[in-house]
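Engineer: Sharing a structure with you now.
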Amino acid sequence: RHCTDVICCVIFIVVILGYIALGIVAWVHGDPRKVIYPTDSYGQFCGQKDTLNENKTILFYFNILKCASPVVLINLQCPTTQLCVSKCPDRFATYIDVQASYRYKPDQWNYFRQFCKPGFNNPRKSVAQVLRDEDCPSMIIPSRPFLKRCFPDFSTKNGVLTVANQTTFKDGRGKTRNVTDLREAANGINNVLDARSVGMKIFEDYAISWYWILIGLFIAMIVSLLFLVLLRFTAGVLFWIFIFGVIGIIGYGIWHCYWEYDHLKGIPGSDLTVYDIGFQTDFRVYLQLRQTWLAFMIILCVVEVIIILMLIFLRNRIRIAIALLKEGSRAIGYIMSTLFYPIVTFILIAICISYWAVTAVFLATSGEPVYKVMANQTLCKYANMTCDPETFNTTNVTKLCPGAQCTFAFYGGESLYHKYIFIFQLANAFVFLWLVNFAIALGQCTLAGAFASYYWASRKPADIPLWPLFSSFGRAIRYHTGSLAFGALILAIVQLIRVILEYLDHKLKGTQNSFTRFLLCCLKCCFWCLEKFLKFINRNAYIMIAIYGKNFCTSAKEAFFLLMRNVVRVAVLDKVTDFLLFLGKILVAGGVGVLAFFFFTQRIPIFAQEAPTLNYYWVPLLTVIIGSYLVAHGFFSVYAMCVDTLFLCFCEDLERNDGSTAKPYFMSASLHRILGKKELSPKKA
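Heads up, the sequence shown is in the numbering used here, so the first residue is 5 and it goes up one at a time.
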């Protein structure tokens with residue numbers, strides 16, 4: 005063996021080093037506090053230690069009516085002054101009322117003043133000027149903190165939307181308004197608050213039942229392992245039971261259609277055609293026609309004949325596929341360590357996801373505070389223009405647009421680094437896809453090398469190398485990093501294009517015309533098909549790399565033409581394998597799920613006292629079912645890789661050897677018997 009695709013290996017290493025450098029630069033410039041803490045109109049964090057806002061952890065909106073929805077409040081900037089406060093308002097009040105009574109009710113003024121701008125304590129200032137300069141909010145309403153923001157304390161009483169049991173409130177500008185004016189915000193907020201309540205209960209259920217969930221997943225692992233071992237003996241039985249079951253069901257369908265067809269004979273109106281009655285929304289009308297049942301019977305007869313003919317002409321290839329499945333089970337039995345390799349792949353992918361997510365957050369928060377002019381007048385030409393809060397009051401903006409303010413808008417910047425943050429995010433996503441595909445490719449090549457060493461052993465298991473999995477992993481890293489990176493690169497490019505197309509489709513959904521939608525749909529479909537094809541080619545190329553140690557392009561070409569020369573066998577093996585593995589996943593997930601259902605609902609008398617008391621029994625139940633399916637998928641992915649590797653080795657064995665003493669076959673005795681003497685005879689030149 006020798007190193008393959010060295011240039012791609014060097015590029016891959018350089019890209020990884022650059023990716024590390026990008027992460028360091030992002031970590032230097034980024035500040036995750038911009039995501040964790042809300043930011044007021046002055047660009048200061050609420051609740052940040054060692055600042056004036058250390059004890060003011062909640063963001064308060066002067067006029068929440070200007071905010072369209074909670075999404076705007078959380079993700080974007082609401083066009084009103086935002087202030088850090090220590091607690092949300094707990095009462096209704098307006099600035100007009102508080103100012104009028106500040107002399108004989110100073111407590112009300114002191115309470116209201118904490119929601120004004122810091123340092124403001126001038127109740128003699130005219131109301132018009134206060135509201136124009138937004139020194140204080142025109143009103144406060146009972147609110148509760150959520151996501152570190154003050155939201156109105158909405159509730160529903162007898163089907164009527166209320167705030168603190170009131171349906172109306174004063175807006176501080178001389179009008180009495182109904183709380184339904186806040187309906188858009190209320191609907192979203194109430195749903196989110198309900199979700200928070202449900203989330204707390206779900207967290208409690210997990211805290212109580214996590215031990216039993218782990219036991220359920222352990223049972224799923226044992227059942228998956230047993231299923232793979234038993235496939236050596238039951239693969240053929242399961243497949244033929246399913247096939248004859250399908251034939252029987254279709255046969256019953258043919259008989260039932262004939263019975264319905266004969267039963268409707270002589271009934272008035274049953275001899276009408278579908279064309280005579282036209283289109284009907286009630287499809288039961290069509291079931292009263294003899295023609296409908298005749299059509300069903302013909303269709304089922306055609307399907308039945310096709311299945312029977314396929315079984316007759318493909319019986320030998322089906323037997324080969326079942327024999328390979330049994331051989332795969334036997335190979336895994338000799339190399340049990342391969343069942344636990346998916347854990348390595350999972351750890352590598354988890355590291356990639358974590359690094360990508362952290363880098364993306366730091367890149368997104370690496371800007372400087374950007375301030376923009378916020379004007380009450382819609383015709384102000386300076387609205388939404390950038391400004392400097394330190395020099396804003398000396399400009400003409402305040403004169404031309406009375407009441408305009410220079411407030412914090414978002415984080416950004418004008419430096420070269422800030423201008424290319426979007427490019428850096430794309431690079432972050434691309435390298436992430438590349439690394440994830442490389443981790444998957446490394447796992448496939450490692451497993452293929454281990455199972456290939458089993459197939460090409462003359463005497464099984466005596467000639468299987470010691471530690472085949474670790475040896476295969478070492479070969480893949482030492483010699484074929486460049487080839488694996490090359491295959492992963494091609495796939496990552498296609499996946500990035502698909503991500504960009506999805507992004508464009510999402511952004512242009514409201515403005516695109518029919519032609520644009522059609523074009524995007526075609527492109528998305530084409531690249532989806534291309535990605536599936538590349539995954540298939542890459543998978544088999546990695547198998548050839550593990551067997552022969554050639555570069556990626558040569559291995560992909562040889563694998564493709566080898567599969568094309570055995571295309572019928574490929575199709576049969578693929579479908580038989582998919583069916584048995586799908587059956588296994590359903591069996592594992594369904595069996596463990598039923599057991600978990602009876603346990604968590606306390607229907608097993610022996611364990612009734614041990615079962616925890618839950619808010620929602622479906623929380624651990626769904627976790628066990630989904631987790632069991634993923635556990636089974638992890639085990640069965642190894643099995644699928646084993647079968648694919650053995651199949652390619654089998655095809656190579658048939659083409660390179662002829663069963664003679666000089667060129668003996670490496671296949672098992674069961675495959676020898678299935679092929680028969682004709683295929684085993686020496687090939688003529």
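We put the beta carbon where it would ideally sit given N, CA and C, even for glycine.
Note that the structure is a prediction, hence the values are computed from the model and not measured.
Relative to the C-alpha of K539, which residue among C356, F564 and I68 is closest?
Structural biologist: Ranking C356, F564 and I68 by Cα distance to K539 puts F564 first.
Engineer: Could you round the C-beta distance between D44 and C12 to whole angstroms and report it? I think they count as a contact, below 8 Å.
Structural biologist: No, D44 and C12 are not in contact; Cβ-Cβ is about 50 Å, not under 8 Å.
Engineer: Could you compute how far the alpha carbon of A190 sits from the alpha carbon of K53?
Structural biologist: Per-residue confidence for A190 stands at a pLDDT of 48, beneath the threshold of 50, marking its modelled position as unreliable; no derived number is given.
Engineer: Do you know how far the Cα of K152 is from the Cα of L69?
Structural biologist: Spanning the two alpha carbons is a distance of roughly 18 Å.
Engineer: Among S370, A97, L304 and E308, which has the Cα closest to the Cα of G27?
Structural biologist: Among S370, A97, L304 and E308, the Cα nearest to that of G27 belongs to S370.
Engineer: Over what stretch of residues does the alpha helix (DSSP H) that includes N320 continue unbroken?
Structural biologist: Segment R319 to Y338, the alpha helix (DSSP H) holding N320.
Engineer: Identify whether T98 lies in helix, strand or coil by the three-state DSSP scheme.
Structural biologist: In this structure, T98 counts as strand in the three-state DSSP scheme.
Engineer: Figure out for me which residue from G453, T398 and W438 has the closest Cα to the Cα of S475.
Structural biologist: Ranking G453, T398 and W438 by Cα distance to S475 puts G453 first.
Engineer: For a quick check, are the C-beta atoms of C449 and A480 less than 7 Å apart?
Structural biologist: The answer is yes: Cβ separation under 7 Å.
Engineer: Thinking C-beta only, is F64 closer than 7 Å to T85?
Structural biologist: No, Cβ-Cβ distance for T85 and F64 is not below 7 Å.
Engineer: For the beta strand (DSSP E) that C120 lies in, which residues bound it at each end?
Structural biologist: Taken as a continuous stretch (DSSP letters only), C120 belongs to no beta strand (DSSP E), as it is neither H nor E.
Engineer: Given a cut-off of 7 Å, decide if V647 and G255 are closer than it, judged by their beta-carbon atoms.
Structural biologist: No, the pair does not count as a contact, with Cβ atoms beyond the cut-off.
Engineer: Any chance the stretch 607-621 sits against the stretch 587-596, with 3 or more Cβ pairs inside 8 Å?
Structural biologist: Output reads no: the stretch 587-596 does not touch the stretch 607-621.
Engineer: So within the stretch 137-177, which uninterrupted beta strand (DSSP E) runs reach at least 3 residues, ignoring any that extend past its ends?
Structural biologist: For the stretch 137-177, whole beta strand (DSSP E) runs of length 3 or above, ordered along the chain, are 147-150, 153-156, 158-161, 164-167 and 172-174.
Engineer: For the pair the stretch 141-149 and the stretch 89-105, tell me if three or more CB-CB distances fall below 8 Å.
Structural biologist: Touching, yes, given that three or more Cβ pairs across the two stretches are closer than 8 Å.
Engineer: When burial is assigned at 16 or more other CB atoms within 10 Å of the CB, is V571 buried or exposed?
Structural biologist: Its Cβ having fewer than 16 others within 10 Å, V571 is exposed.
Engineer: Thinking just about the alpha-carbon of each residue, which of K561, I347 and L318 is nearest to the one in L577?
Structural biologist: Measuring from the Cα of L577, the nearest candidate turns out to be L318.
Engineer: Work out the CA separation of L21 and L367 for me, nearest whole Å.
Structural biologist: Rounded to the nearest angstrom, the two C-alpha atoms are 17 Å apart.
Engineer: Roughly how many angstroms separate the alpha carbons of D266 and R294, rounded to a whole number?
Structural biologist: Using only the alpha carbons, I get a separation of about 8 Å.
Engineer: Would you say Y386 and V365 are within 7 Å of each other, going by their C-beta atoms?
Structural biologist: Cβ atoms of Y386 and V365: not closer than 7 Å.
Engineer: Could you give the residue range of the alpha helix (DSSP H) that holds L599?
Structural biologist: Here the alpha helix (DSSP H) through L599 covers V571 to F604.
Engineer: Check each candidate in L439, Q499, E58 and C526 and name the one with the smallest Cα separation from T485.
Structural biologist: Of L439, Q499, E58 and C526, the residue nearest in Cα terms is L439.
Engineer: Is the number of C-beta pairs between the stretch 333-343 and the stretch 636-650 that are closer than 8 Å three or more?
Structural biologist: A contact exists between the stretch 333-343 and the stretch 636-650.
Engineer: Q409 to T184, Cα distance in whole Å?
Structural biologist: One C-alpha to the other measures close to 29 Å.
Engineer: Near L500, which residues of its chain fall below 7 Å by C-beta distance, leaving aside the five closest residues on each side in sequence?
Structural biologist: If we look at L500 and ignore the five residues flanking it on each side, its Cβ neighbours are A433, F434 and L437.
Engineer: Span of the beta strand (DSSP E) holding C88?
Structural biologist: Q86 to V89 is the span of the beta strand (DSSP E), which, as asked, contains C88.
Engineer: Can you tell which of E264, D509 and L567 has its C-alpha closest to the C-alpha of K528?
Structural biologist: Residue D509 is the option with its Cα nearest to K528.
Engineer: Measuring only the C-alpha atoms, how far is T160 from S147?
Structural biologist: Going from the Cα of T160 to the Cα of S147 covers about 15 Å.
Engineer: Extract the residue ranges of the beta strand (DSSP E) inside the stretch 15-78, only unbroken runs of 3 or more that lie entirely within it.
Structural biologist: Runs of the beta strand (DSSP E) inside the stretch 15-78: 62-65.
Engineer: Please list, in chain order, all residues of the same chain as F1 whose beta carbon is under 6 Å from its beta carbon, the five residues on each side excluded.
Structural biologist: This structure gives no information on residue 1, because the portion of the chain shown stretches from 5 to 689.
Engineer: Could you compute how far the alpha carbon of R660 sits from the alpha carbon of A666?
Structural biologist: Straight-line Cα distance between these residues: approximately 11 Å.
Engineer: In angstroms with no decimal places, state the Cα-to-Cα distance between F231 and D280.
Structural biologist: Taking the straight line from one Cα to the other gives about 55 Å.
Engineer: When the Cα atoms are used, what is the spatial distance from L420 to L584?
Structural biologist: C-alpha separation (whole angstroms): 56 Å.
Engineer: Is the CB-CB distance between R334 and R463 below 7 Å?
Structural biologist: No, Cβ-Cβ distance for R334 and R463 is not below 7 Å.
Engineer: Under a Cβ-count criterion, where at least 16 other Cβ atoms within 10 Å of its own Cβ denotes burial, should V574 be classed as buried or exposed?
Structural biologist: Per the 10 Å Cβ criterion, buried.
Engineer: State the Cα-Cα distance for the pair N555 and Y483, rounded to the nearest angstrom.
Structural biologist: Cα to Cα, N555 sits roughly 10 Å from Y483.
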